[in-house]
Structures are given as C-alpha cells and as structure tokens.
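Each remark here refers to the structure printed beneath this line.
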Amino acid sequence: MDVLTAMDLLKKKGFKYTDKRRDLLQLFSDEKRYLSAKEVQDALKENYPGLSFDTIYRNLSTFSELDILEETELEGEKKFRFTCPTKEHHHHLICLKCGKTKEVNACPMENVATDLSDFQVTGHKFEIYGVCQVCVN
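Take UniProt numbering: the last position of the sequence shown gets the number 137, and nothing is skipped along the way.
Written out as structure tokens, the structure reads:
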C-alpha cells in the first residue's frame, strides 16, 4: 500500500480527502513499522495541535477496515502499519523495540498436527516477536 493508492481507495469509498488523512498515511509510508495511536498523535501534533486521540483512532480503525492498514496487538496496545504489498500468504517477525517487521514466507498451519475435522478454520494469524539487529546493537 502507498499513500496515493490509499487516498484513491478512501475517495472511492466515499471519504473526503483531507490533509490530515494524507499526512497520517504519509507517516505510515515514512515509518514502515507498527505505530500506536499515541505515536501517531505525537508525530502529527506539531502540524495539527488540536488533533484528538479519538479522531486518530477512528481514522486508524477505518483504514484497517478498508485494508489500508493492518493491525496487531503488542504489549496490550493496538498498533498499525501499512498493509503489505505482498499478496502471497505470509506472516511477520516483529521487533518489540522499534516495531519494524520482516516477512516470513513459511506458515505453521501446514504443520498443525491437531485433527481439525470438527472445526471450520476461517483464518489465522502468526507473528514472531523479538528484537531486530539494529535494536540489539
């Protein structure tokens, strides 16, 4: 996902173009990592001092519903990042210090030994947490 594609999708879905939305999306494009609503608010407060946490969170939720952003929960807090451009099934390594991610092209569901015949699986999410090399050093 990129800013222009995201803004076009918002327009097609009936949302107004605003500089705040564009700048919020640009932040995710620049950061390339998971961000919390508080981190977004802190990053945008200089240009938008009156921007409320509720407004940010509402926009993040909308972006997530439209698959512009993907979300995860780290340390009890929802965090967001641009949806991966990769359309193939994959999972992520996530750095707990900086939020950077790395794609994992293997899927543990292929190795699930449990009999799932009495359960209809509709999806799954697999994330590996740790600390990236940059944050270790």
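The beta carbon of each residue, even a glycine, is placed where N, CA and C say it ideally should be.
What separation, rounded to the nearest whole angstrom, lies between the Cα atoms of residue i and residue j?
i, j, result
"residue 82", "residue 12", "18 Å"
"residue 73", "residue 84", "17 Å"
"residue 93", "residue 101", "5 Å"
"residue 109", "residue 70", "20 Å"
"residue 24", "residue 129", "26 Å"
"residue 38", "residue 9", "25 Å"
"residue 121", "residue 66", "23 Å"
Go to residue i, then tell me how far its beta strand (DSSP E) extends in each direction, as first and last residue.
i, result
"residue 81", "77–82"
"residue 72", "69–74"
"residue 129", "127–130"
Within a Cβ cutoff of 7 Å, which residues of the same chain sit near residue i, ignoring the five residues on either side of it in sequence?
i, result
"residue 91", "104, 107, 126 and 127"
"residue 22", "3 and 7"
Residue i lies in the alpha helix (DSSP H); which residues open and close that run?
i, result
"residue 135", "133–136"
"residue 24", "19–31"
"residue 101", "Where residue 101 is concerned, there is no enclosing alpha helix (DSSP H), although the beta strand (DSSP E) it sits in stretches over 101–104."
"residue 93", "Taken as a continuous stretch (DSSP letters only), residue 93 belongs to no alpha helix (DSSP H), being part of the beta strand (DSSP E) at 91–95."
"residue 61", "53–65"
"residue 39", "37–44"
Are residue i and residue j close, meaning C-beta to C-beta below 7 Å?
i, j, result
"residue 51", "residue 60", "no"
"residue 36", "residue 77", "yes"
"residue 123", "residue 33", "no"
"residue 20", "residue 48", "yes"
"residue 97", "residue 135", "yes"
So residue i and residue j are in contact, right, with Cβ under 8 Å, and what is the actual spacing, rounded?
i, j, result
"residue 95", "residue 40", "18 Å between Cβ atoms; not a contact."
"residue 7", "residue 17", "6 Å"
Among the residues of its own chain, which have a CB less than 8 Å from the CB of residue i, if the five just before and after it don't count?
i, result
"residue 27", "35, 40, 43 and 44"
"residue 53", "37, 38 and 41"
Using a Cβ-Cβ distance under 7 Å, would residue i count as near chain D?
i, result
"residue 17", "Looking for chain D here will not work: only one protein chain is present."
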